[in-house]
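I have placed the structure first, in the form of structure tokens, so that the comments after it can refer back to it.
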Amino acid sequence: MNTKQNFQEIDFNKQLDSRTWSKVLSFAKIYKKTMILLGLFMMFVAAVDIVMPLMTRHAIDHFITPQNYDGLMGFGLLYLAIGMFQALNVAVFIMLAGKVETGVSYNIRKAGFSKLQELSYSYYDHTPVGWLMARMTSDTAKLSEIIAWGLVDLVWGFTLMTGIAIVMLIMNLKLALIVLSVVPLLAWISKKFQVLILKSYREVRKTNSKITASFNEGIMGAVTSKTLVREDANLFEFEKLTGKMFASSFRAAVQSAIFLPLVQIFSMIGTALAIWFGGSGVIAGDISYGMLVMFLSYAAFFFIPIQELARVFAELQNAQAAAERIITLIETKPEIVDAEGIGSPPLQELKGKICFENVNFEYKKGQSILKDFNLDVEPGSSIALVGETGGGKTSIISLICRFYEPTSGSILIDDLDYRNYPLQWLQSNFGVVLQTPHLFSGTIIENIRYGKLDATDDEIISAAQAVKADAFIQSLPDKYDTEVSEGGTNLSTGQKQLISLARAIIANPSILIMDEATSSVDTETERSIQNAIEVLVKGRTSFIIAHRLSTIRNADRILVIESGKIIESGDHDELIFKNGKYFDLYNHQYRNEKVGSLLSAKE
Amino acid sequence: MAGNRLLYIGAITAIAFETLFTFASPLVIRETIDSIIGDKLFSDWSILQSLSQLIGAPTITQQTIWACALILVILSLFRGIFTYLNGRWSAKASESIARNMRDELYLHLQSVPVKFYSEWKIGDLIQRCTSDVETVRKFLSIQVVQVGKSLLMLAIIIPILVSLNAKMALVSMVTIPLILTFAVLFFLKIKSVFQIADESEGFMSAVLQENLTGIRVVRAFARQDFEMDKFDERNTAYRDNVYRLIKILGTYWGLSDLLIYSQTGLVLVVGTYWTIDGQLTLGTLVAFVSYVEFLLWPIRQTGRTLTDLGKAFVSLDRIRKILNESLEDMSGWSDETTKISGNIEFKNTGFRYDEKTPVLEDISFNINSGDTVVIVGPTGSGKSTLANLLPRLWDYTNGSVLIDGRELNTIGRKYIRQQIGIVLQEPFLYSKSLIDNIRLGKITNPGESEIFEASRIAAIHEEIETFEKGYETLVGERGVTLSGGQKQRIAIARAIIQDPPILIFDDSLSALDTETETRIREALISRKGKRTTIVIAHRLTTAVNADMVIVLENGQVSQSGKHEQLIRMDGLYKRLWTMQTLPVQVINDNQQSRSQN
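Chains as they are written, first to last, in this note's numbering: chain U, -17 to 585; chain R, 17 to 613.
Here it is, written out as structure tokens:
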């Protein structure tokens, strides 16, 4: 979140930062040749643009003035040839720029995505998905666009300006200087206005995203607004936003509406100077008619590249913020990485022995979650973690999964500090089932196969059978090929949980980690989930944040966790006999479950 | 809208003048070349002569050629003024149309019946309200003006060209039908390519979004490589499809450039020939060369304009679909000056969402003003629906409901909602500060002390005080994430500050522990003022002190009466009560279940 704020303000007077841009350009490295070629073609385009007025001059001075038809046909063919050359240039430069644009954005996205797969859990804990999406989509698009098309405009603009200036200076030094005298002022005005206009558009975009958020809130909260009779008040607030939107869009439009005529007036001053002094030159016989007409064309043409260059520079400044955000994302260091010198993963499978040795853990400095925590778990045993929210159950599980690492102390798996195993290999030995099941879009069979990519259909079906999901899947119209829509909305939560359990069992993990769902599902599904868990747990070391009595009762060992400490430990009977914290928890849960089952009973 | 039409008329008029002034300068240059610099006589009507007389200059001679330059600059000043006016007015018109559309959509979405929200997908609605409005706005601000400009240009330029030289005018326009046809056909043809590119962007961001929301699963199965392959496939497809589109566009612009160069080349060559012939003057030729450029640019854009026009109509249609939805009827009896007293009577009330399935059937009971009533029952028995009938979020379909003896259906929705405070099962908080969220419960702006009191009753005051920013803490994406229980209590505070004669808690105490719930209830009772309170509850602790308990099963009242009566009757209530007060027998129970296993 903080990173978000850091980048929010863009200073338009800030100089372009070469470090950032050179990093961005590294994504275009493999297109270096394409870009050079693109630059070359833009020079061709500019060259033709410069030559065209020369053609007009030639027509006047070689045919019209001397009243000479000879070679006019050839001239026409030459003109057409130049036209064809230019058409080719245009087609090629658009394609080249397109190649660079799409390629660079592909590269940035690829780098960003693979970084996102690497980053530690903690990163996702404090970075909203929406923020990441914006970096990977709109920011990336903006950057690749400015790299490709910015190059186009820059090369074309510079070549054209210098080219025209040189031709004019060579043709007639005095007249050229007179016509070019308006350029500095024009350039200055262009720059000022482009920055102003971009600023206004930034304001427009900001307000626009607020409007989107307001629509979202208006719909999500519609019923609440009705009960509070807030419709008018909401509309009043919304109208403030749309009013602001109107004001800033209108301001941007007006700025453009002032800018464009200003440029036109300046370019007309150039033309007027050309006709005044050039005309006098023709009268005096110093210059030809053709030369005059050529100067008139150049004067009219000159303002276009100036306008374009000013726009590109303003956009570069604007895009720098996007560049910084993306670079920051790609350069973020994951907090948990393999230690140096960790080679290939061990050959034998993990047995699943786990030891916590004097583990201390804190998310933020000074906010201790676990203190001097010790725990020994034999391979194959099942551990239920119970206790109030915020007691540290989730932290223990996150540590075992190595989503986080201990602040001090160590966790041993099969008697070896788990930091000595390759991270990805280690995590592939864990089966993790989350409280809210997440399925990917695709079919059910694809979702189960996610647990073991080379699983055969038979293996998948037997996994589903093992967790008793087969029956309901068979009852669906498309059976295993049923599409699970985004977030899996067409299935009930219970059904999704069963599929996620099948996915976990097919992966055949050595260590199973589960966060049991609290949300009530109907009694029947709950029973199948329970059965599935029992199947899953068999023969593996398992840790379960348990909410259901049956899960708790069936565990080999129950740990009651409070304030980061194990306050009671033992099996169900031992703990009940103790008549302590567990006894209270159990009774409370017992009543809740009974009442719950009564109230969710079938009608 | 009338104002906007006027603005558009103004903008189009401005374009007309802008175009006139734009086209005047090549004529001025032409006469300057032919008659000032050259030795042609001025024709009968000369733009240069007329204009120089207008600015009070004497007849321009070779010595006063600067006057021609001055006239050019003055012409461009005027042209600038009209360009500005056109830009200003058309922006004002299109932006205010967009604003009206947004406001109208927003108001409409607030005022449709509750049913609407279950029939539409929120993503779809938002898309219509944002991108579709944007498409229409863009069309109005850019294309409408562009089309007007193109048409006006053609209307003005053709007579000028014909009057300069009819034959030459024909030559200048010979490829125009070709370019026009090419532009239109081309854009029609690549419509599908555009669509494929758009779609593949959608696919790519869907994979991205799914990966990010499911990152925990990805990690849990160590599927990073698999995910990268999946994303790479979409990323590659997106790159290739967009590149394909750009390549096609490149071909298009290249080809249309070729057509344009052929046209300008033709004008130059034929013009040169005729100038040598004496059919044209040099100035006229130069004028033609300039005009041809003016003529070709808008025509080149036609294909694009048509595509945008098509898109704009589709968007407009999608927006209209929302605006055509009928609104909640807000009419009915109301008496803004008095509060109702809170007597509620259900008489054989029934409700069904559609023809087939009844949700509530034959519900009858009385609630006296000031009573507390608890409704219990299994999930899906119709408790929430019953509660939603009172503020007329849904209207009962059978029987009647009387509030203070008046038929509920005849009372205005706005009025009755002001009289009822309802805390929903999943409370919604606005993305404002906590204090504003509570404050907006009451229409008259309540002071801080009043707000603090309400949140004390809702047992949230102390918790808010522990937040870093206290009551100024923002809710929502940019602020803190509140737990379900915290949200519920803030919603309760919001309902309390409303101080309504009828207060409904729709299972909104469920996320709170028993102790907090008791605290809130006691604080409510000890608060001054009498109000009818309806509590939908899962825990029977709430029911013990209620004036009446209603048990709903399958949409019907299966039991009702006081707690003491109900625990003596056989039925759901008694069973529930037995469970909740179960003596501690768990060891035995547990041993039983073990032996069963």
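The beta carbon of each residue, even a glycine, is placed where N, CA and C say it ideally should be.
Note down, in chain order, each residue of its chain lying with its Cβ closer than 7 Å to the Cβ of residue i, except the 5 sequence neighbours on either side.
i        : result
Glu34/R  : Arg95, Phe98, Thr99, Asn102
Pro407/R : Ile432, Arg433, Ile436, Ile438
Arg91/U  : Met118, Thr122
Asp452/U : Ile443, Ala446
Taking a contact to mean a Cβ-Cβ separation below 9 Å, would you say residue i touches residue j in this structure?
i        : j        : result
Leu494/U : Gly413/U : yes
Ile480/R : Ile508/R : no
Tyr280/U : Met150/U : yes
Val6/U   : Gln68/U  : no
Trp170/U : Val27/U  : no
Leu456/R : Tyr412/R : no
Gly373/U : Asn342/U : no
Pro316/U : Met143/U : no
Glu243/R : Phe232/U : no
Ser208/R : Tyr254/R : no
Arg625/U : Ile487/U : With chain U covering -17 to 585 only, the question about residue 625/U has no answer from this structure.
Thr38/U  : Leu88/R  : no
Ile548/U : Gly562/U : no
Ile45/R  : Val308/R : no
Gly267/U : Leu274/U : no
Trp290/R : Trp258/U : no
Write down the C-beta distance between residue i and residue j rounded to the nearest angstrom, noting that I regard them as a contact closer than 8 Å.
i        : j        : result
Leu70/R  : Glu47/R  : About 15 Å separates the two Cβ atoms, so there is no contact after all.
Ala595/U : Gln406/U : Any question about residue 595/U goes unanswered here, given that chain U covers just -17 to 585.
Ile527/U : Met496/U : 7 Å
Ser12/R  : Ile427/R : With chain R running from 17 to 613 in the structure shown, residue 12/R is simply not present.
Leu170/R : Thr300/R : Actually they are not in contact, since the Cβ atoms of Leu170/R and Thr300/R sit about 20 Å apart, beyond 8 Å.
Ile512/R : Ala470/R : 4 Å
Glu344/U : Thr376/U : The pair is not a contact, with the Cβ atoms about 14 Å apart (cut-off 8 Å).
Gly281/R : Leu62/U  : 5 Å
For residue i, which residues from the same chain have a beta carbon less than 6 Å from its beta carbon, with the 5 sequence-adjacent residues on both sides left out?
i        : result
Gly469/U : Confidence at Gly469/U is low in this model, with a pLDDT of 43, below 50, so the placement of that residue is unreliable and no value is reported for it.
Ser126/U : Glu83, Val86, Ser87
Tyr13/U  : Val82, Gly85
Leu525/R : Glu533
Asn606/R : In this prediction, Asn606/R scores a pLDDT of 48, lower than 50, which makes its location untrustworthy; the coordinate-derived value is nonetheless stated afterwards. Around Asn606/R: no qualifying Cβ.
Phe247/R : Val223
Thr558/R : Val390, Val551
Ser524/U : Ser364, Leu494
Ordered along the chain, which non-local residues of its own chain (more than five positions away) have a Cβ less than 8 Å from that of residue i?
i        : result
Asp397/U : Lys335, Cys337
Met227/U : Val186, Thr189, Asn190, Ile193
His124/R : Ile338, Leu339, Glu341, Leu343
Ser609/R : Because the pLDDT of Ser609/R is 48, which lies under 50, any placement of that residue in the model is unreliable, and the question is left without a value.
Val149/R : Ala114, Met117, Arg118, Leu121, Ser331, Ile335
Look up residue i in the DSSP assignment and give the residues it is bridged to.
i        : result
Val414/U : Ile495/U
Lys547/U : Glu544/U
Ile118/R : The residue you asked about is not Ile; residue 118/R is Arg in the sequence shown. Answer is none; Arg118/R lacks a bridge partner.
Cys337/U : Asp358/U, Leu394/U
Val417/R : Phe362/R
Trp349/R : Ile427/R
Ser112/R : Paired residue(s): none; Ser112/R is not in a bridge.
Which chain B residues are close to residue i, counting only those with a beta carbon under 9 Å from its beta carbon?
i        : result
Val294/U : The structure shown contains no chain B; the protein chains it does contain are U and R.
### Query
Looking at C-beta atoms only, is the number of pairs between the segment 153 to 168 of chain R and the segment 266 to 282 of chain R that lie closer than 8 Å three or more?
The segment 153 to 168 of chain R, when compared against the segment 266 to 282 of chain R, does not touch it at the 8 Å Cβ threshold.
#### Entry: Stretch-stretch touch, CB-based, cutoff 8 Å, three pairs: the segment 141 to 149 of chain R with the segment 181 to 193 of chain R
The segment 141 to 149 of chain R, when compared against the segment 181 to 193 of chain R, does not touch it at the 8 Å Cβ threshold.
### Query
Do three or more CB pairs link the segment 558 to 567 of chain R to the segment 390 to 401 of chain R at distances below 8 Å?
At 8 Å Cβ cutoff, the stretches touch.
### Query
For the segment 429 to 444 of chain R against the segment 346 to 357 of chain R, are there 3 or more C-beta pairs whose distance is under 8 Å?
Segment contact: the segment 429 to 444 of chain R against the segment 346 to 357 of chain R, three or more CB-CB distances shorter than 8 Å; contact assigned.
### Task
Would you check if there are 3 or more beta carbon pairs closer than 8 Å linking the segment 240 to 253 of chain U to the segment 152 to 168 of chain U?
Under the Cβ criterion (8 Å, minimum of three pairs), the segment 240 to 253 of chain U counts as touching the segment 152 to 168 of chain U.
### Message
Below 8 Å, how does it come out for the segment 412 to 427 of chain R and the segment 362 to 378 of chain R: are there three or more Cβ pairs, yes or no?
### Response
Touching, yes.
#### Entry: Any 3 or more C-beta pairs closer than 8 Å across the segment 113 to 128 of chain U and the segment 213 to 225 of chain R
Three or more Cβ pairs closer than 8 Å define a contact, and the segment 113 to 128 of chain U meets that threshold against the segment 213 to 225 of chain R.
### Task
Specify whether the segment 37 to 56 of chain R and the segment 312 to 321 of chain R touch according to this definition: at least 3 beta carbon pairs, one from each stretch, less than 8 Å apart.
No: the two stretches stay apart, fewer than three of their Cβ pairs being nearer than 8 Å.
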